[in-house]
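Asks: Quick mapping for you: the protein sequence lines, in order, are chains H and V.
Just so we're aligned: 40 in this note's numbering is position 40 of the first sequence, and the numbers increase by one with no gaps anywhere.
Just so we're aligned: 490 in this note's numbering is position 208 of the second sequence, and the numbers increase by one with no gaps anywhere.
For every residue, glycine included, the Cβ atom is placed at its ideal position computed from N, Cα and C.
None of the values given here were measured: they were computed from a predicted structure.
What follows is a single structure, and I will ask about it in a moment.
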Amino acid sequence: AGKSKVDDDVLDNLEEVLVSSDVGVNTTLKIIDRIEARVAQDKYLGTDELNKILREEIAGLLSEIDSGNATEFEIPENKKPYVIMVVGVNGVGKTTTIGKLAHQFKKAGKNVVLGAADTFRAAAIDQLQIWADRTDVTIVKQSMGSDPASVAFDTLQSAVTQNADVVIIDTAGRLHNKVNLMNELTKVKRVMQKVIPDAPHDVLLVLDGSTGQNAFEQAKQFTAATEVTSLAVTKLDGTAKGGVVIGISDQFQIPVKYIGVGEGVEDLQVFNKFEFVDSFFK
Amino acid sequence: MFDNLSDKLDKALHVLKGHGSITEVNVAETLKEVRRALLDADVNFKTAKEFTNTVKEKALGQNVLTTLQPGQLMVKLVKDELTELMGGETAGINLSGTPTVILMSGLQGSGKTTFSGKLANYLKTKKSKKPLLVACDIYRPAAINQLHVVGDQIGVEVYSEPENKNPVQIAQNAIEHAKQNGYNVVIVDTAGRLAIDEAMMTEIANVHQAINPHETLFVVDAMTGQDAVNTAKSFNERLNFEGVVLTKLDGDTRGGAAISIKSVVDKPIKFIGTGEKMDAIDVFHPARMADRILGM
Ligand SMILES: Nc1nc2c(ncn2[C@@H]2O[C@H](COP(=O)(O)OP(=O)(O)OP(=O)(O)O)[C@@H](O)[C@H]2O)c(=O)[nH]1
Ligand SMILES: Nc1nc2c(ncn2[C@@H]2O[C@H](COP(=O)(O)OP(=O)(O)OP(=O)(O)O)[C@@H](O)[C@H]2O)c(=O)[nH]1
Ligand SMILES: [K+]
Ligand SMILES: [Mg+2]
Ligand SMILES: [Mg+2]
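Take a look at the structure:
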């Protein structure tokens, strides 16, 4: 007869691993409860089985991308141009992620246009320009201090004229508790719809992998302002694990699409649940 | 999102009400809740454990000597302990050099370049200094440009050598330039780097060694989670920094990383960043931070 209960030591250890990976106490307890329930029911045995259940339970919390092949950088065929709006708090890696995405889409033979709608941060436009040059894609920009919605509008118009495949709009970093700045984002989105009624097709919220539980509030407020449709988690090339996205993905039903693993043009990967979970135990 | 820490403490301390004294049993129940609240505030797992152990010992030890109710005693203990952990007093900055050299360090996107500008502006306007900003980030696209824009905004000169790919040289040349031109503070902005990036950590250690700064500041995002301790420890091992800068406190994060960092490297948090604008800088007040973490 096998053990019908997981050891307390094993669970304590699991709790430490998950909390230390920024999964958060709530989600950690949820995962542990599920494991205990399954163990009670199925009478699993050793650590191997436990690891397997753990991976399954965590993967179960991570919302699925509902369409397409989740192992490649793909965009839906029927929307042209496909418009991606990138949002997030300050310094998380929005502009860099855009550069890397531009590179991937360009490599796949797509015609890419970037919109420099961060008109606030010092040299933000220059930074995006360098990424556009580096990846050999088109950029639409105005001067620093101009209206971000107007830049987004111009970008979409230009993309339509050029018959572009993908448009990626950079936005200024903003903390989610700043109401005016969040309203500005809603406006940028609305103005884009004057050019393409169902734009943006994807609102990508970028989360810094080293952020703790505050990421929940970020997801909540950005979703309220822009209806976030996917997540990217950056800076996972460091020792931070980014575990907070498990609870976020579960609670808001938003899939994680990409992870950032460096500052280079190739350092973006399509998210893989199992590799992600495994990284907690390394 | 989360109940704030003080709500949670109240809830937790509810357990204690009706008990006449703090016992092993009821203190354990309560501290479990305290620990959970700290974890929700992003205090490091191990730090939270140590913290609750310390509070427990103090609570049990003080029990008979106090006239406070157990609940009040616990709140006071937790708050005092937090404040003490974060340094008690406000720590100053050493400006004794001619020129004073200040080196920025930290992870990518933590706010180094912005803070370099804020500090220059603060020293210029509040301390009547003549600062020079130095662009030693040779990697990030438009990093040099960014510092120039910042410098223009505050009317502070920026020293850069766009063609030079050697940050050690750039920093040394800048200090020479400062000496020759009467600048009395030199603020060196550097590229963001991960603590596990050996080449980049060696680079900043080399800059540090070459210019021997009066103040090396570790700039960290207040929203940082559990990893804050690893990063702070690694940067401190390489740079033995003088102090910490906690940025983006204009957000709604509880900022538990402040406790973790302080407890792991035992260096004072000197400044906080409270916005994107150049005047959004403040000196760090440990007691206020304790209140913030506790939601008081
Ligand atoms: N190590 C590492 N660094 C990254 C990654 N993604 C971005 N960065 C770095 O993080 C810093 C900030 O990146 P940005 O792309 O400027 O971030 P942002 O969100 O656009 O910032 P703001 O526009 O100022 O809000 C830069 O130094 C990037 O090189 C990543 O996946 N790994
Ligand atoms: N809201 C807020 N934003 C801040 C604060 N400090 C910096 N920022 C923003 O955070 C982002 C990153 O700041 P930077 O100064 O570029 O950070 P950095 O550490 O120099 O970044 P790298 O050089 O890429 O490593 C920018 O959008 C800044 O405007 C702050 O205290 N509050
Ligand atoms: K990582
Ligand atoms: Mg940006
Ligand atoms: Mg910088």
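Any chance the CB of T506 of chain V is under 8 Å from a heavy atom of ligand 2?
Replies: Checking every heavy atom of ligand 2 against the Cβ of T506 of chain V, none is found closer than 8 Å.
Asks: Identify each residue in the segment 557-570 of chain V for which the Cβ-Cβ distance to at least one residue of chain H is less than 8 Å, and report them in chain order.
Replies: Those would be E558, in chain order.
Asks: Should S442 of chain V be listed as close to ligand 2, given that the test is whether its C-beta is under 8 Å from any heavy atom?
Replies: No.
Asks: Is any beta-carbon of chain H found at less than 9 Å from that of K338 of chain V?
Replies: It does not; no Cβ of chain H falls within 9 Å.
Asks: Rounded to a whole number of angstroms, what is the C-alpha to C-alpha distance between D285 of chain V and R318 of chain V?
Replies: Caution is warranted here: a pLDDT of 45 is assigned to D285 of chain V, below 50, making its placement in the model unreliable, and no coordinate value can be reported.
Asks: Going straight from the alpha carbon of F252 of chain H to that of D165 of chain H, what length do you get?
Replies: Their backbone Cα atoms lie some 29 Å apart in a straight line.
Asks: Buried or exposed: where does T329 of chain V fall if 16 or more other Cβ atoms within 10 Å of its Cβ makes it buried?
Replies: By the neighbour-count rule (16 or more Cβ atoms within 10 Å), T329 of chain V is buried.
Asks: Compute the minimum distance between the beta carbon of D267 of chain H and the heavy atoms of ligand 6, and state whether it is under 8 Å.
Replies: No copy of ligand 6 appears in this structure; the ligands present are ligand 1, ligand 2, ligand 3, ligand 4 and ligand 5.
Asks: Provide the residue(s) that pair with P413 of chain V in DSSP beta bridges, ordered along the chain.
Replies: V:V467, per the DSSP bridge assignment.
Asks: Thinking just about the alpha-carbon of each residue, which of V:T556, V:P550, V:I575 and V:G555 is nearest to the one in T372 of chain V?
Replies: Comparing Cα positions, the closest option is V:P550.
Asks: I need the boundaries of the alpha helix (DSSP H) containing G374 of chain V, first residue and last residue.
Replies: Taken as a continuous stretch (DSSP letters only), G374 of chain V belongs to no alpha helix (DSSP H), as it is neither H nor E.
Asks: Anything in the segment 192-224 of chain H with a Cβ closer than 8 Å to a Cβ of chain V? List those residues in chain order, please.
Replies: Here the close residues are D208, S210, T211, G212, Q213, N214, A215, F216, E217 and K220.
Asks: Using 8 Å as the cut-off, classify the Cβ of V501 of chain V as near or not near the heavy atoms of ligand 2, replying yes or no.
Replies: Yes, ligand 2 has a heavy atom inside 8 Å of this Cβ.
Asks: Could you give the distance in angstroms between the alpha-carbon of N111 of chain H and the alpha-carbon of S230 of chain H?
Replies: Their backbone Cα atoms lie some 22 Å apart in a straight line.
Asks: Just curious, the alpha helix (DSSP H) that Q269 of chain H is in, first and last residue?
Replies: No alpha helix (DSSP H) contains Q269 of chain H, which is instead part of the beta strand (DSSP E) from L268 to V270.
Asks: Is G60 of chain H helix, strand or coil by DSSP?
Replies: Helix.
Asks: Tell me which residues share the same chain as G393 of chain V and place their Cβ nearer than 8 Å to its Cβ, disregarding the 5 neighbours each side in the sequence.
Replies: Excluding residues within five positions, the ones whose Cβ falls inside 8 Å are V501, D503, V527, T529, K530 and G555.
Asks: Answer yes or no: the CB of R318 of chain V versus the heavy atoms of ligand 5, is any distance below 8 Å?
Replies: R318 of chain V: no, Cβ never under 8 Å from ligand 5.
Asks: So, helix, strand or coil for S67 of chain H, using DSSP?
Replies: Low local confidence applies: a pLDDT of 49 at S67 of chain H is under 50, so the model's placement there is unreliable, with the coordinate-based value given in what follows. It is coil, neither helix nor strand.
Asks: Counting only the same chain and skipping the five closest in sequence on each side, list residues whose C-beta sits under 7 Å from that of G557 of chain V.
Replies: Excluding residues within five positions, the ones whose Cβ falls inside 7 Å are D532.
Asks: Nearest to E57 of chain H by CA position, among H:K80, H:T27 and H:V86, is which residue?
Replies: Comparing Cα positions, the closest option is H:T27.
Asks: Output the residue ranges of the alpha helix (DSSP H) runs that lie fully inside the segment 170-234 of chain H and measure 4 residues or longer, sorted by chain position.
Replies: The qualifying runs are 179-192 and 214-226.
Asks: Would you check if the segment 28-35 of chain H and the segment 504-521 of chain V touch, i.e. whether three or more CB-CB distances between them fall below 8 Å?
Replies: Taking 8 Å as the limit for Cβ pairs, the verdict is that the segment 28-35 of chain H does not touch the segment 504-521 of chain V.
Asks: Identify, in the order they occur along the chain, each residue of the same chain with its Cβ nearer than 6 Å to the Cβ of P148 of chain H, setting aside the five sequence neighbours on each side.
Replies: Closer than 6 Å at Cβ, skipping near neighbours: A117, T119 and V188.
Asks: Report the CB separation of V416 of chain V from A456 of chain V in whole angstroms; it is logged as a contact under 8 Å.
Replies: Sure, about 4 Å apart at Cβ, within 8 Å.
Asks: Do T395 of chain V and ligand 5 come close, with the Cβ less than 8 Å from some heavy atom?
Replies: Under cutoff, so the answer is yes.
Asks: Do D471 of chain V and ligand 5 come close, with the Cβ less than 8 Å from some heavy atom?
Replies: Within the cutoff, so yes.
Asks: With 9 Å as the C-beta to C-beta threshold (strictly closer), list the residues of the segment 509-536 of chain V near chain H in chain order.
Replies: Residues passing the 9 Å Cβ filter: D509, A510, N512, T513, S516, T529, K530, D532, G533, D534, T535 and R536.
Asks: So, does the CB of S392 of chain V fall closer than 9 Å to a CB anywhere in chain H?
Replies: Yes - at least one Cβ of chain H is within 9 Å of the one on S392 of chain V.
Asks: Taking Q428 of chain V as the query, report the chain H residues whose CB atoms sit under 9 Å from its CB, ordered along the chain.
Replies: R121, A122, A123, A124, D126 and Q127, listed in chain order.
Asks: What residues in its chain sit with their C-beta under 6 Å from that of N466 of chain V, if we drop five residues either side in the sequence?
Replies: Answer for N466 of chain V: P381, K411 and K412, listed in chain order.
Asks: Relative to the C-alpha of L355 of chain V, which candidate in V:V309, V:G369 and V:K331 has its C-alpha closest?
Replies: The option with the nearest alpha carbon to L355 of chain V is V:V309.
Asks: Any beta carbon from chain V within less than 9 Å of A240 of chain H's own beta carbon?
Replies: True, the Cβ-Cβ gap to chain V drops below 9 Å.
Asks: Mind checking if T396 of chain V is an interface residue toward chain H, Cβ cutoff 9 Å exclusive?
Replies: Yes, its Cβ sits closer than 9 Å to a Cβ of chain H.
Asks: Could you check where the beta strand (DSSP E) with A102 of chain H kicks off and where it finishes?
Replies: Not the beta strand (DSSP E): A102 of chain H falls in the alpha helix (DSSP H), residues K94 to K107.
Asks: From D322 of chain V to Q454 of chain V, what does the alpha carbon distance come to, in whole angstroms?
Replies: Each residue's Cα considered, the two are about 44 Å apart.
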